[in-house]
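Residue numbers 1 to 529, in the UniProt record's numbering, belong to the letters of the sequence shown in order.
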Amino acid sequence: MTWRPQYRSSKYRHVFGKPVTKENCYDGVPITRSVHDNHLCTVNPRFIAVITECAGGGAFLVLSINHTGKVDPHHPKVSGHRGNVLDIKWNPFNDFCIASCSEDTTVKIWDIPEHGVLKNITVPRKELQCHSRRVGLIEWHPTADNIIFSTGYDYQVMVWKLDVPEQVIKNPVRSISVHSDVVLSMSFNTDGSWLATSCKDKKIRVIDPRTGTLLQETNCKSHKASKVLFLGNLKMLLSTGNSRWNHRQIALWDQEDLSQPSYSEDLDGSSGVLFPFYDPDTHMLYIAGKGDGNIRYYEISPEKPYVHYLTEYRSLLPQKGMGVMPKRGLDVCSCEIFRFYKLVTIKSLIEPLSMIVPRRSESYQEDIYPMTAGNKPSMTADEWISGLNKGPVMISLRPGSKLDSYVELGSGKDPTDSMETQHSRSRPGLSLLIQERLDAKEGNARKVYPPTSLLPSTDEKSSSTTYVSNGKLDSTHCSPPKTENELRQMFYKQQEEIRRLKEQLNQKDVRIKQLELEIKNVRNSQANL
Numbered sequence: 001m002t003w004r005p006q007y008r009s010s011k012y013r014h015v016f017g018k019p020v021t022k023e024n025c026y027d028g029v030p031i032t033r034s035v036h037d038n039h040l041c042t043v044n045p046r047f048i049a050v051i052t053e054c055a056g057g058g059a060f061l062v063l064s065i066n067h068t069g070k071v072d073p074h075h076p077k078v079s080g081h082r083g084n085v086l087d088i089k090w091n092p093f094n095d096f097c098i099a100s101c102s103e104d105t106t107v108k109i110w111d112i113p114e115h116g117v118l119k120n121i122t123v124p125r126k127e128l129q130c131h132s133r134r135v136g137l138i139e140w141h142p143t144a145d146n147i148i149f150s151t152g153y154d155y156q157v158m159v160w161k162l163d164v165p166e167q168v169i170k171n172p173v174r175s176i177s178v179h180s181d182v183v184l185s186m187s188f189n190t191d192g193s194w195l196a197t198s199c200k201d202k203k204i205r206v207i208d209p210r211t212g213t214l215l216q217e218t219n220c221k222s223h224k225a226s227k228v229l230f231l232g233n234l235k236m237l238l239s240t241g242n243s244r245w246n247h248r249q250i251a252l253w254d255q256e257d258l259s260q261p262s263y264s265e266d267l268d269g270s271s272g273v274l275f276p277f278y279d280p281d282t283h284m285l286y287i288a289g290k291g292d293g294n295i296r297y298y299e300i301s302p303e304k305p306y307v308h309y310l311t312e313y314r315s316l317l318p319q320k321g322m323g324v325m326p327k328r329g330l331d332v333c334s335c336e337i338f339r340f341y342k343l344v345t346i347k348s349l350i351e352p353l354s355m356i357v358p359r360r361s362e363s364y365q366e367d368i369y370p371m372t373a374g375n376k377p378s379m380t381a382d383e384w385i386s387g388l389n390k391g392p393v394m395i396s397l398r399p400g401s402k403l404d405s406y407v408e409l410g411s412g413k414d415p416t417d418s419m420e421t422q423h424s425r426s427r428p429g430l431s432l433l434i435q436e437r438l439d440a441k442e443g444n445a446r447k448v449y450p451p452t453s454l455l456p457s458t459d460e461k462s463s464s465t466t467y468v469s470n471g472k473l474d475s476t477h478c479s480p481p482k483t484e485n486e487l488r489q490m491f492y493k494q495q496e497e498i499r500r501l502k503e504q505l506n507q508k509d510v511r512i513k514q515l516e517l518e519i520k521n522v523r524n525s526q527a528n529l
């Protein structure tokens, strides 16, 4: 038998990292010297926030995303904490709201002015007080509005509801006490119904965040987890940590069975913590080590061997922390599918790094930009507390797409039910038109003739001519194409119409998958009753 090398086709095989020029970096930022293993930076399409070094309390810097170049050393800060700030996170549903936690045992919610921080901000909108020791980690709920989780060195995970009139909140909705040591990371599944945590005792736990019930726990001795991440809808968890021989390691777990990892791989013998980042839209996994200059990236599949190594980005500048831009803030015209913000302490520099899919065309590439989570919550805090589960509200990244293209799991509204689509449904001959245009696409461009449905009507009683353009019927006094140029223009219009129809079909597929998930949630809730 002839040996054949295994080759896996992938549209992301040639993804490469593209750092920006020095002029487009954020230079002169006094990055914190804290040894806490957090990202230390958070980004949204309007602002970038980074924890800074300061005396007499804790502070962080908020800059406009376009404020590149040299940063004023006296730039105003958000400085209301009495101890060092350990973690910061932007509200996923409000670009002007940020949360921070500190060694002073509090979590604070801040409102950032629309034009940025023009003077020091010292008074928060909300202050959360219940932890008995310093708070090291915070995480917003991915689909419910005004729900935030915090955990500290008192081993407690606390659930907070923010839409209350009190400025100082002292009673959390829930306090989860299932950990025997400090929690190192938290991650939610897609609809926020499960919470995964990694702990200093090297165990991974899956918890019901509403009741605090422990659902799963690892007892594997061959992998000591430090960070954990849900992998979208793949029903898998990914963890980074160390092997039995103290090698840095990644491991995949079945979320229903945490007895043994489904896959594990040793990476190297370095000592820095590995930060995992997962893109559920492209199924790409990025691994960045603290103190490393490189970023490895992989593609995840639901079948064995699950993890497919692509390549790595290499740099001489070591990163202390990383920020990630949400998908809605990417440059889709340059085929950018991910963007990091590297904190380079040795140069007091924040360096944006874009992950690019090389394409010849500069137009929108819909195959690498499926519907993605937007910045609208799918439910209120009270709905989530009452037991409701909903997936994220999805949006299209196509430039110029309107807000009514949102898809909400469980909503009765179909995103493709626009006026054009409803108008086209009322015309029984449109299905024949779609088939004719798809047939025309497969033909040779030089020999394409307009479909019969586009030719002028031969009705002698009517002097007008009926055409279909952009999904609408047009009655105009136009003659059929006579020149090659007119025929080519009509062909291009057909191609654009085919693209639009395919986009509608893709949106329908997304809708079907979401309805299947909704049915599953309803059945599970009925079974629990």
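Just so you know, even glycine gets a beta-carbon here, dropped at the ideal spot from N, CA and C.
Between I138 and the set S150, F96, N246, the nearest pair of CA atoms involves S150.
Collapsing the DSSP output to three states places W245 in coil.
For A288, the enclosing beta strand (DSSP E) starts and ends at 284-289. Nearest Cα to L234 within the set K200, D279, F275, D266: D279. Residue burial is scored here from C-beta neighbours: T282 has at least 16 other C-beta atoms within 10 angstroms and is therefore classed as buried. The continuous beta strand (DSSP E) containing D87 extends over residues 85-90. With fewer than 16 other beta carbons inside 10 angstroms of its own, K221 counts as exposed.
Judged by DSSP in its simplified three-state form, R205 adopts strand. Beta-bridge annotation (DSSP): W253 is paired with L237. In the displayed model, A381 falls within a helix according to three-state DSSP.
If you ignore the 5 residues before and after R398, its C-beta comes within less than 6 Å of the C-beta of Y364, all in its own chain and listed in chain order.
Apart from sequence neighbours up to five positions away, the residues of its chain that approach R133 with a beta-carbon distance below 7 Å are T105, G152, Y153, D154, ordered along the chain. Where K227 is concerned, there is no enclosing alpha helix (DSSP H), although the beta strand (DSSP E) around it starts and stops at 223-230.
Looking at the DSSP output, M355 shares a beta bridge with G17, F338. Under the DSSP assignment, I65 falls outside any alpha helix (DSSP H); it carries neither an H nor an E label.
By the Cβ neighbour-count rule, C333 is exposed, with fewer than 16 other Cβ atoms within 10 Å of its own. Separation of Q249 and K203 (C-alpha to C-alpha, rounded to the nearest whole angstrom) is 14 Å. The C-beta distance from H141 to W384 rounds to 7 Å, short enough to meet the 8 Å contact threshold. Looking only at P305, Y341, G269, S270, the smallest Cα-Cα distance to F277 is reached by Y341. For Q504, the enclosing alpha helix (DSSP H) has its first and last residue at 484-528.
Residues Y155, C199, D201 of the same chain have their beta carbon placed closer than 8 Å to that of S180, with the five preceding and five following residues left out of the count.
Each of S64, I31, S10 was checked against the Cα of V43, and the nearest Cα belongs to S64.
The beta carbons of A55 and S79 sit no closer together than 8 Å. Taken through DSSP and simplified to helix, strand or coil, I112 comes out as coil. Separation of R314 and N294 (C-alpha to C-alpha, rounded to the nearest whole angstrom) is 4 Å. In this structure, DSSP gives G80 an extended state, which the three-state scheme calls strand.
The beta carbon of A373 lies closer than 6 Å to those of P392 in the same chain, with the five residues before and after it left out. Within 10 angstroms of the beta-carbon of Y12 lie 16 or more other beta-carbons, which makes it buried. Take the alpha-carbon of L501 and the one of I395: they are about 18 Å apart. Counting every other CB atom within 10 Å of its CB across the protein chains shown gives I109 a total of 16 or more, marking it as buried.
Around V50, the same chain offers V29, I31, L40, C41, F60, L61, L343, I350 as residues with beta carbons nearer than 7 Å, after the five sequence neighbours per side are excluded. Cβ-Cβ separation between V307 and Y298: approximately 5 Å, consistent with a contact (criterion under 8 Å).
Looking from the CA of V357, the closest CA among P377, E503, L330 belongs to L330.
Beta bridge pairing from DSSP links S180 with no other residue. Counting of Cβ neighbours within 10 angstroms places Q514 among the buried residues, the total reaching 16 or more.
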